[in-house]
Amino acid sequence: MTEKLYVDDPFLKETTARIKKISGCHMTLDRTIFYPEGGGQLGDRGWLGGYPVVDTQKHGGRLLAHPDFPEIKVDTEVVHILDQEPETLEEGSTVDIQIDWPRRYRLMRMHSASHLIYHHMFNVFGDMKLKSCRIGEDRGRFDFFTDYKFTREGLDEVEGLANEWVDQEIPIEMRSVAGEKEAKVWICRDLRIPCGGTHVSNTREIGKMSLKRRGKNRTTERVYIQLEDDTGNQP
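Count along the sequence shown from 1, add 22, and you get the number used in this note's numbering.
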């Protein structure tokens, strides 16, 4: 299992780690600050011993089931995917690791934004079912199963409600459940959402959000989330 330092400190930008295994362009470490793709959030990029890391993925682990939490995998290995085979690195050696922080921070902002939008979408549009989501650095995306089209007026209301929360600088907390460090709940006011992703510490860091609708078919509506600035209140 890889020790996941981002669970306790998502703002950690660089550290050192020991190389456990090298397999071609794939590398595992004893610990990492790289978030692997999961929960809709893209995997981190950055640098490992000077080599560019182009993606980060999970491998193995065990399934965790809890009545208040969706079934997830914990105790996984984190696989760092390099853009080339690291000919100058060896298993057992210690290396410097650094994430692409501007990209990660934008993903953190986007992930927290997606929870606010998700909450207010149901408040405004009522009963529907989430089909899928994707949290990228450029925009977020939700697909909902629904029998009706999302109106521009409704989306404007969702935007307004979410941006009110941004203006209020409400604290965001990540709390472990079920005695499992990796099984987290995202908490903002009385809103609680199971999530193992990386997030900002308060709503003001998100910055202003806007929404755009795209109808996919008669039963699916797609909504895109855009952040209106590039940096937010970046630490």
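Ideal placement from N, C-alpha and C gives every residue a C-beta, glycine not left out.
6 Å CB neighbourhood of residue i in its chain, flanking five on each side removed
i, result
"Phe144", "none"
"Asp179", "Checking the sequence, you will find Glu at residue 179 rather than Asp. For Glu179, where only same-chain residues beyond five positions count, the Cβ hits under 6 Å are Val146."
"Glu105", "A small correction: the amino acid at residue 105 is Asp; Glu does not occupy that position in the sequence shown. Cβ neighbours of Asp105 beyond the five flanking positions: Pro74, Val76."
"Leu138", "Ala184, Trp187"
"Ala135", "Ile228, Met231, Ile247"
"Arg40", "Asp52, Thr116"
"Asp165", "Lys153, Ser154, Thr242, Arg244"
Residues of its chain near residue i, where Cβ-Cβ distance is below 8 Å and the 5 sequence neighbours each way are ignored
i, result
"Gly46", "Glu107"
"Asn224", "Glu191, Ile192, Pro193, Ile194"
"Thr241", "Phe167, Thr168, Asp169"
"Glu93", "Leu85, Leu86, Ala87"
Cα-Cα separation between residue i and residue j, rounded to whole angstroms
i, j, result
"Phe167", "Lys153", "6 Å"
"Asp66", "Pro58", "6 Å"
"Met196", "His142", "20 Å"
"Gly219", "Thr24", "16 Å"
"Asp169", "Gly148", "11 Å"
"Gly68", "Asp189", "31 Å"
"Gly71", "Glu112", "10 Å"
"Leu213", "Thr110", "48 Å"
"Leu280", "His221", "Because residue 280 is not part of the residues shown, which for the chain are 23 to 257, the question remains open."
"Tyr28", "Met150", "33 Å"
"Asp31", "Asn239", "41 Å"
"Ile209", "Tyr140", "14 Å"
"His48", "His133", "26 Å"
Presumed contact (8 Å Cβ cut-off) between residue i and residue j, rounded CB distance
i, j, result
"Arg161", "Gln248", "5 Å"
"Thr50", "Lys43", "5 Å"
"Arg244", "Arg163", "6 Å"
"Phe56", "His102", "6 Å"
"Glu250", "Leu86", "Not quite, the Cβ-Cβ distance comes to about 37 Å (not below 8 Å), so this is no contact."
"Lys26", "Val100", "7 Å"
Chain-order list of residues whose beta-carbon lies under 7 Å from that of residue i (same chain, five-residue window excluded)
i, result
"Glu181", "Met231, Ser232, Leu233"
"Arg211", "Ile192"
"Gly60", "Lys80, Gly218"
"Arg84", "Lys95, Val96, Asp97"
"Lys171", "Gly237, Glu243"
Any non-hydrogen atom of the ligand FMN closer than 6 Å to residue i Cβ
i, result
"Trp187", "The ligand FMN is absent from the structure shown, which contains no ligand whatsoever."
> Taking three-plus beta-carbon pairs below 8 Å as touching, is the segment 125–137 in contact with the segment 146–166?
Replying inline: yes
> Can we say the segment 229–239 touches the segment 117–124, given the rule of at least three CB pairs closer than 8 Å?
Replying inline: no
> Is the number of C-beta pairs between the segment 79–88 and the segment 107–118 that are closer than 8 Å three or more?
Replying inline: No, the segment 79–88 is not in contact with the segment 107–118.
> Which runs of the beta strand (DSSP E) spanning at least 3 residues fall entirely within the segment 43–119, listed in chain order?
Replying inline: 48–51, 68–70, 73–81, 84–88, 91–96, 99–104
> In the segment 147–214, which residue ranges form an unbroken beta strand (DSSP E) of at least 3 residues, counting only runs that do not cross its ends?
Replying inline: 151–157, 162–167, 195–199, 202–210
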